[in-house]
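As given, the protein sequences belong to chains P and X, one line each in that order.
All residue numbers for the first sequence refer to our numbering, where the first residue is 120 and numbers rise by one.
All residue numbers for the second sequence refer to our numbering, where the first residue is 248 and numbers rise by one.
Glycine is no exception: its CB is placed at the ideal position from the N, C-alpha and C atoms.
Remember, predicted model here, so these are calculated numbers, not experimental data.
Below is one structure, written out as structure tokens, with a few remarks after it.
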Amino acid sequence: MTRELWKGNEALAEAAIRAGVDAFFGYPITPQTELLEYMARRMPELGRTFLQAESEIAAINMVYGAACTGVRAMTSSSSPGISLMQEGFSYIAGSEAPCVVVDIMRGGPGLGNIQPGQADYFQITRSAGHGDFHPLVLAPATVQEAVDLAYISFDLAFRYRTLVLLAGDGALGQMMEPVEMPPMRTPDATQPDWALTGAKGRPPRTITSLYLDADELASVNARLQEKLKTIAAAEQRWECFMTDDADLLVVAFGTVARIAKSAVRAARAAGVRAGLFRPISLWPYPAPVLDGLVDQVQGVLVAEMNAGQMLEDVRAIVRGRTPIRFLGRTGGVIPMPDEITNELTHMTRVNHRTNGAGMKRDVE
Amino acid sequence: MNILLEHETPATDLDQMEIVYQRPDALTDLATHYCPGCSHGVIHHLIAEVIDELGIRSHTIGVAPVGCAVFAYKYFNLDSCEAAHGRAPAMATGIKRVLPDHIVFTYQGDGDLASIGGNEILHAALRGERITVIFVNNAVYGMTGGQMAPTTLAGMKTTSSPAGRNPLTQGYPLHLTEMLATMPGVAYAVRRSMHSVAETRKTKKAIRHAFTAQQQGLGLSIVEILAACPTNWHVEPADALDYIRDRMLPEYPVGDFKVSEGLGDRRLGD
Ligand SMILES: Cc1ncc(C[n+]2csc(CCOP(=O)(O)OP(=O)(O)O)c2C)c(N)n1
Ligand code: SF4
Ligand SMILES: [Mg+2]
């Protein structure tokens with residue numbers, strides 16, 4: 120297999136195409152736009168559906184409509200656009216229409232900026248719309264990983280009849296890296312038994328998220344929760360980097376995790392035994408693995424491009440067993456490897472001073 | 248109308264009797280939840296008759312709105328789905344784009360279509376989506392208890408315009424169908440009314456034209472239908488029909504705002 124240089128956004132688009140996406144609906148927004156533009160070129164060439172929608176609200180509802188017919192439908196956007204799609208996400212969750220959404224996060228709140236951000240962690244993992252649901256959220260750290268996850272995203276979406284959200288940030292979307300593209304798949308032509316295809320020779324089918332009767336809606340929710348439990352058990356993904364003998368653990372995802380890798384290497388070169396735990400699935404969060412690592416380390420450093428969102432998940436997993444330090448960058452500022460390394464060396468110094476009994480001031 | 252219910256008829260008489268009225272195939276046998284005198288149920292019936300007559304039931308997909316007709320998907324005996332409030336044209340676009348040989352229609356109220364879903368209908372029309380839109384204008388938000396809609400008449404009292412709609416601060420009634428008629432993507436844009444039997448027949452013909460326009464791939468087709476909401480107008484069902492004639496028609500005249508040259512059965516008249 121040959122490796123070619125691909126830009127993140129375009130690589131994501133091509134991987135979705137090779138995974139068999141039938142229909143793409145989207146709206147331009149930086150730093151995601153190249154994905155839409157790539158689809159605009161490629162999808163018609165392949166006889167597939169591409170349509171630029173009038174808004175992200177329309178785009179997600181077009182995805183919803185197309186998904187109801189059993190085809191592989193997707194959209195992509197960035198933070199402000201994802202906010203507009205949340206209504207649609209909720210309906211899609213309620214009616215279990217499988218689809219894939221790419222979120223190339225940028226700085227917020229409001230119009231924020233077009234720099235990379237991770238400040239939508241809560242939005243995508245906790246509150247992707249009204250009602251009780253979580254999308255399956257996958258956060259690649261490299262262009263290759265983005266390709267690999269996009270390639271399996273429709274399988275996951277259809278297996279669980281769920282929304283799969285591929286969460287990157289502006290850096291991932293814009294960077295160019297060598298990538299090995301998977302082969303073009305011939306999509307499975309069998310129609311799901313729930314798809315709206317016209318009631319020919321069979322009773323009509325309906326797709327709805329409306330259940331006026333309280334008990335009925337409660338039982339729908341019970342079924343959805345059961346499904347989430349199944350996903351939570353089966354779909355945790357993570358990477359452990361140099362964690363076997365680590366005294367200090369960095370927890371980071373996406374672009375920051377990749378920077379943290381360099382920081383961990385640098386820290387080790389300076390004699391600090393650091394390791395990296397990188398959740399790839401943000402929902403479900405790979406909690407059991409992190410939980411297992413906590414007892415072996417003297418401190419955890421959470422690094423994110425936000426004001427401390429995944430930090431809350433880590434806190435809940437650590438449950439006070441070891442000190443947690445937080446390095447957060449907002450506004451689209453990307454933390455530098457040496458900043459993370461400095462945090463790690465600082466943590467060892469504090470650990471020595473206080474004999475591992477805890478760190479004052481900037482730790483909890 | 249003559250309603251013949253088979254189980255009420257002695258079996259011996261059946262052979263001699265002609266069935267003059269029966270439930271269309273495109274309707275399920277569920278009793279609707281609509282108020283007495285509401286136009287929604289009759290409009291469902293007209294659509295179902297047209298679908299039967301055109302023989303398109305098995306490849307038609309319906310998109311229900313948020314509004315009193317939210318359960319339309321239960322009443323139509325065909326594949327259907329339920330859209331978010333106002334988003335039916337976008338959802339229908341998604342369906343039609345991947346199933347271009349199917350017939351796709353939305354059924355929407357005036358709040359759904361002309362207010363929250365204004366952008367979706369405008370752009371579906373702009374793109375000339377080959378879908379049919381049944382736009383039921385009863386000048387209020389029926390489902391939520393009769394609040395003001397963009398279509399509410401000037402001076403009309405609603406629960407959210409208790410002093411009567413003042414156009415200077417609350418806007419003038421919106422003529423959405425006329426607006427859409429200006430767009431090249433629209434093949435058929437007409438307004439009809441439900442205030443009499445004769446007008447109801449014309450409504451049915453317009454619905455038929457609208458589906459035909461879609462079959463011919465001419466562009467978006469929309470039939471706006473002036474409809475009764477006796478409950479929120481606080482009038483008796485029979486008086487509601489007069490209300491349409493006397494109050495709604497002067498603001499919203501029935502008529503053909505756009506009929507594409509290519510429409511096959513134009514000669515059917517209105
Ligand atoms: C996003 C959202 N906003 C508001 C509502 C509440 N709501 C339900 S139906 C409706 C108005 C429906 O009015 P119309 O479209 O005219 O239909 P009608 O009931 O008159 O047939 C509103 C505002 C909702 N369901 N969703
Ligand atoms: S409230 Fe009005 S629109 Fe709704 S069912 Fe009753 S009469 Fe019909
Ligand atoms: Mg209404």
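Open item on the list: Going by beta-carbon coordinates alone, are residue 169(P) and residue 158(P) separated by less than 8 Å?
Closed with: Going by beta carbons, residue 169(P) and residue 158(P) fall inside the 8 Å limit.
- [ ] Specify, as a first and last residue, the run of the alpha helix (DSSP H) that residue 429(P) falls within.
- [x] First-last of the alpha helix (DSSP H) with residue 429(P): 429–437.
Task: For residue 435(X) and residue 449(X), the rounded distance between their alpha carbons - done: The straight-line gap from Cα to Cα measures roughly 15 Å.
Task: Burial state of residue 483(X), where buried means 16 or more other Cβ atoms lie within 10 Å - done: Counting Cβ neighbours within 10 Å, residue 483(X) comes out exposed, since fewer than 16 surround it.
TODO: Indicate the three-state DSSP secondary structure (helix, strand or coil) for residue 307(X) in the structure shown.
DONE: Correct three-state label for residue 307(X): strand.
Open item on the list: Could you tell me the alpha carbon to alpha carbon distance between residue 343(P) and residue 266(P), rounded to whole angstroms?
Closed with: The alpha-carbon atoms of residue 343(P) and residue 266(P) are separated by roughly 28 Å.
Task: Straight-line Cα distance separating residue 367(P) from residue 426(P) - done: Rounded to the nearest angstrom, the two C-alpha atoms are 21 Å apart.
Open item on the list: In whole angstroms, give me the CA-to-CA distance for residue 304(X) and residue 318(P).
Closed with: Our two residues, residue 304(X) and residue 318(P), have alpha carbons roughly 7 Å apart in a direct line.
Open item on the list: Which residues in chain P have a C-beta closer than 8 Å to the C-beta of residue 325(X)? List them in chain order.
Closed with: At a C-beta separation below 8 Å, residue 325(X) has these neighbours in chain P: 317, 318 and 323.
TODO: Please specify which runs of the alpha helix (DSSP H), each continuous and at least 4 residues long, are wholly inside the region 181–246 of chain P, giving them in chain order.
DONE: Those alpha helix (DSSP H) runs which fall completely within the region 181–246 of chain P and span 4+ residues are 198–214 and 240–244.
Task: residue 207(P): contacting residues in chain X (beta-carbon distance under 8 Å) - done: Around residue 207(P), the beta-carbon contacts reaching into chain X at under 8 Å are 331 and 334.
TODO: Report buried or exposed for residue 252(P), applying the criterion of at least 16 other Cβ atoms within 10 angstroms of its Cβ.
DONE: Burial call: buried.
- [ ] Quick one: grab the DSSP three-state call for residue 398(P).
- [x] Residue 398(P) carries a strand assignment under DSSP once its states are collapsed to helix, strand and coil.
Task: Beta carbon nearer than 5 Å to a non-hydrogen atom of ligand 2 - done: For ligand 2, the residues with a Cβ under 5 Å from any of its heavy atoms are, in chain order, 281(X), 282(X), 285(X), 315(X), 389(X), 476(X) and 478(X).
TODO: Would you kindly check if the distance between the Cβ of residue 298(X) and the Cβ of residue 184(P) is under 8 Å?
DONE: Against a cut-off of 8 Å, the Cβ pair of residue 298(X) and residue 184(P) comes out as no contact.
TODO: Taking all protein chains shown into account, decide if residue 431(X) is buried (16 or more other Cβ within 10 angstroms of its Cβ) or exposed.
DONE: Residue environment: residue 431(X) is assigned as exposed (fewer than 16 neighbouring CB atoms within 10 Å of its CB, all protein chains considered).
Task: residue 326(P) - partner residues in DSSP beta bridges - done: Note: residue 326(P) sits in a beta bridge opposite 328(X).
TODO: Under 6 Å Cβ to Cβ from residue 405(P), same chain only, skipping five residues before and after it: list those, please.
DONE: Correct list, in chain order: 355, 357 and 398.
- [ ] Taking 8 Å as the cut-off, decide whether the C-beta atoms of residue 188(P) and residue 316(P) are in contact.
- [x] Yes, Cβ-Cβ distance for residue 188(P) and residue 316(P) is below 8 Å.
- [ ] Flag this pair as touching only if the region 270–283 of chain P and the region 367–382 of chain P have three or more C-beta atom pairs under 8 Å; answer yes or no.
- [x] Judged by Cβ distances under 8 Å, the region 270–283 of chain P makes no contact with the region 367–382 of chain P, as fewer than three pairs qualify.
Task: residue 412(P), buried or exposed, once every other Cβ within 10 Å from all chains shown has been counted against 16 - done: That one is buried.
Task: For residue 326(X), the nearest candidate out of 312(P), 385(P), 407(P) and 298(P) (CA to CA) - done: Ranking the options by Cα distance to residue 326(X), first place goes to 312(P).
- [ ] Report yes or no: is there a C-beta of chain X within less than 8 Å of the C-beta of residue 281(P)?
- [x] Not one chain X Cβ lies under 8 Å of residue 281(P).
TODO: Determine whether the Cβ of residue 67(P) lies closer than 8 Å to any Cβ atom of chain X.
DONE: The question about residue 67(P) has no answer here: the residues shown for chain P are numbered 120 through 483.
Task: Residue-chain proximity (residue 474(P), chain X), Cβ-Cβ < 8 Å - done: At residue 474(P) the pLDDT is 46, less than 50, meaning the model places this residue with poor confidence; the figure from the coordinates comes in the next sentence. No - not a single Cβ of chain X is within 8 Å of the one on residue 474(P).
Open item on the list: Given this structure, state the Cα-to-Cα distance separating residue 395(X) from residue 421(X), to the nearest angstrom.
Closed with: Distance between the alpha carbons of residue 395(X) and residue 421(X) is about 12 Å.
Open item on the list: Can you find the residues in the same chain that come closer than 6 Å, C-beta to C-beta, to residue 281(X), ignoring five residues on each side of it along the sequence?
Closed with: The beta carbon of residue 281(X) sits closer than 6 Å to the beta carbons of 287 and 288 from its chain, once the five residues preceding and following it are set aside; these are given in chain order.
Open item on the list: Taking 7 Å as the cut-off, is the C-beta of residue 352(P) nearer than that to any heavy atom in ligand 3?
Closed with: No, ligand 3 has no heavy atom inside 7 Å of this Cβ.
- [ ] Determine, using beta carbons only, whether residue 483(P) comes closer than 8 Å to chain X.
- [x] With a pLDDT of only 42 at residue 483(P), under the threshold of 50, the placement of this residue in the model should not be trusted; the figure read from the coordinates follows. Closer than 8 Å: no.
- [ ] Output, in chain order, the set of chain P residues within a Cβ distance shorter than 7 Å of residue 377(X).
- [x] Residues of chain P passing the Cβ test: none, with the nearest at roughly 13 Å.
Open item on the list: On the DSSP letters alone, give me the boundaries of the alpha helix (DSSP H) that residue 273(P) sits inside.
Closed with: Its alpha helix (DSSP H) spans residues 262–279.
Open item on the list: Whether or not the region 254–261 of chain P and the region 282–301 of chain P are in contact is what I'm after, with contact meaning three or more pairs of Cβ atoms, one per stretch, closer than 8 Å; do they touch?
Closed with: Verdict: yes, contact present.
Open item on the list: Check whether chain P comes within 8 Å of residue 285(X), counting only Cβ atoms and requiring the distance to be less than that.
Closed with: No, because no Cβ of chain P sits closer than 8 Å to the Cβ of residue 285(X).
Task: At least 3 beta-carbon pairs within less than 8 Å: the region 319–331 of chain P vs the region 237–247 of chain P - done: No, they do not touch.
Task: DSSP bridge partner residues for residue 384(X) (one or two, in chain order) - done: For residue 384(X), which the question treats as bridged, DSSP gives the partners 473(X).
Task: Exposure of residue 441(X), with buried meaning 16 or more beta-carbon neighbours within 10 Å - done: Residue 441(X) should be labelled buried.
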